[in-house]
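K.L.:
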Amino acid sequence: MDIIIGIIMGIVEGLTEFAPVSSTGHLILTGHLLNFHGERASTFEIVIQLGSILAVVVLFWRRILTIFGLHKSEEKNSIGKLNVFHIAIGMLPFGIGGVLFYDTIKDVLFSPQTVVMTLVAGGVLMIIAEKFKPAPVANTLDQISYKQAFAVGLFQCLALMPGFSRSGATLSGGLLVGMNHRTASEFTFIMAIPIMFAASGKDLLESWSHLNSSDLPLFITGFVTAFVVALIAIKFFLSLINKIKLIPFAIYRFLLAIVFWIFIL
Numbered sequence: 071m072d073i074i075i076g077i078i079m080g081i082v083e084g085l086t087e088f089a090p091v092s093s094t095g096h097l098i099l100t101g102h103l104l105n106f107h108g109e110r111a112s113t114f115e116i117v118i119q120l121g122s123i124l125a126v127v128v129l130f131w132r133r134i135l136t137i138f139g140l141h142k143s144e145e146k147n148s149i150g151k152l153n154v155f156h157i158a159i160g161m162l163p164f165g166i167g168g169v170l171f172y173d174t175i176k177d178v179l180f181s182p183q184t185v186v187m188t189l190v191a192g193g194v195l196m197i198i199a200e201k202f203k204p205a206p207v208a209n210t211l212d213q214i215s216y217k218q219a220f221a222v223g224l225f226q227c228l229a230l231m232p233g234f235s236r237s238g239a240t241l242s243g244g245l246l247v248g249m250n251h252r253t254a255s256e257f258t259f260i261m262a263i264p265i266m267f268a269a270s271g272k273d274l275l276e277s278w279s280h281l282n283s284s285d286l287p288l289f290i291t292g293f294v295t296a297f298v299v300a301l302i303a304i305k306f307f308l309s310l311i312n313k314i315k316l317i318p319f320a321i322y323r324f325l326l327a328i329v330f331w332i333f334i335l
């Protein structure tokens, strides 16, 4: 049963972590349907998140090296030349918010009721972003300005609330400050690497006591499944996002909120 749970939860994590649909909401709902709860389940979710973020590292390794000046960008006539300062500026608001409010949010707001509300709120923001976005001025990663990076970082703070979706918040923010869909998506994925490693690493250290050798098959299965599925899902999402935009994802969030209301609340 552990192997089956690992595969199912790994698939859900890999499919939803970087789509603007709330991986937290999907994992809570799936765990409820599988009767998989408690500290063991929470620690498992941290591990499979690391599998998903490893997929981003694999897919964007050239760009990551470029950010640190270890690889030459292939883009010509670029404006900002995406570098480590863009990432740091984008992370700053979320980092400050996380340090100040993370424990409070986790203790007070981490509930099914909050997830339902943030699923809806995130969907509304995505529709607003699509309806009121300006003409894009950043059509590649190297055209992102420091001001745009900081603005996206501010939107990312919304993802401190469970269920809001970090991807949904940053994609919406990217569109509203003049990025096209693909550029906002790629910036979201790259900015997720340090944030998710830091947050997941902190949670994993705090949950380490809940691990034992009998859990290895579950954790390894979930990690590998999430990694492989995320590799495929990210490539598919980047090829799709410029075509379908954000509104179909917003509608999906509304439907998920209804399902959440029926099965969880």
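Numbering of the sequence shown is given in this note's numbering, commencing with residue 71 and proceeding in unit increments. Built from N, CA and C at the ideal position, the CB exists for glycine as well.
1) Sorted by chain position, which residues of the same chain lie with C-beta nearer than 7 Å to I74's C-beta, five sequence neighbours on each side aside?
2) Decide if the stretch 279 to 290 is in contact with the stretch 110 to 123; the criterion is three or more beta carbon pairs, one per stretch, under 8 Å apart.
3) Please list, in chain order, all residues of the same chain as G108 whose beta carbon is under 8 Å from its beta carbon, the five residues on each side excluded.
4) Taking the alpha carbon of F138 as the point to measure from, which residue in S122, V178, F155 has its own alpha carbon closest?
5) So, at 6 Å on beta carbons, what are the nonlocal neighbours of N250 in its own chain, with the 5 sequence-adjacent residues on each side left out?
6) Within its chain, find whatever has a CB closer than 7 Å to the CB of H141; leave out the 5 residues flanking it on each side and keep chain order.
7) For M249, list the residues DSSP reports as bridge partners.
8) Going by C-alpha distance, which of G80, E87, A89 is nearest G101?
9) Do T240 and M266 have their CB atoms nearer than 8 Å?
10) Roughly how many whole angstroms lie between the Cα atoms of A229 and S309?
11) DSSP three-state call for S279: helix, strand or coil?
12) Under three-state DSSP, which class holds N147?
13) Can you list, in chain order, the stretches of the beta strand (DSSP E) that have 3 or more residues and sit fully within the stretch 165 to 212?
14) Counting only the same chain and skipping the five closest in sequence on each side, list residues whose C-beta sits under 6 Å from that of A296.
15) Going by beta-carbon coordinates alone, are Q226 and F164 separated by less than 8 Å?
16) Are there 16 or more other CB atoms within 10 angstroms of the CB of M71, so buried, or fewer, so exposed?
17) Residues in its own chain within less than 8 Å of L275 by CB, not counting five upstream and five downstream?
18) When DSSP labels each residue in this structure, what does A229 get in the three-state scheme?
19) Just to check my reading of the structure: T258 and S237 have Cβ atoms closer than 8 Å, yes? What is that Cβ distance to the nearest angstrom?
20) If you measure from the CB of Q226, is any heavy atom of the ligand HEM nearer than 7 Å?
21) Would S112 pass as a contact of G233 if the rule is Cβ separation under 8 Å?
22) Please identify the residue among L99, G76, E87 whose C-alpha is closest to the C-alpha of I328.
23) Helix, strand or coil for F330? Go by DSSP, reduced to three states.
P.N.:
So, to answer that:
1) none
2) yes
3) none
4) Answer by Cα proximity: F155.
5) Hits under 6 Å: P206, N209.
6) R132, L135
7) A208
8) G80
9) no
10) 24 Å
11) helix
12) Residue confidence for N147 is low, a pLDDT of 49 falling below 50, so the modelled location carries little weight and cannot support an answer.
13) none
14) G80, E83, G84, I118, G121, S122
15) Yes.
16) Looking at its Cβ environment, which holds fewer than 16 other Cβ atoms inside 10 Å, M71 is exposed.
17) Answer for L275: no residue qualifies.
18) helix
19) 5 Å
20) Absence of the ligand HEM is noted for the structure shown, with no ligands found whatsoever.
21) no
22) L99
23) helix
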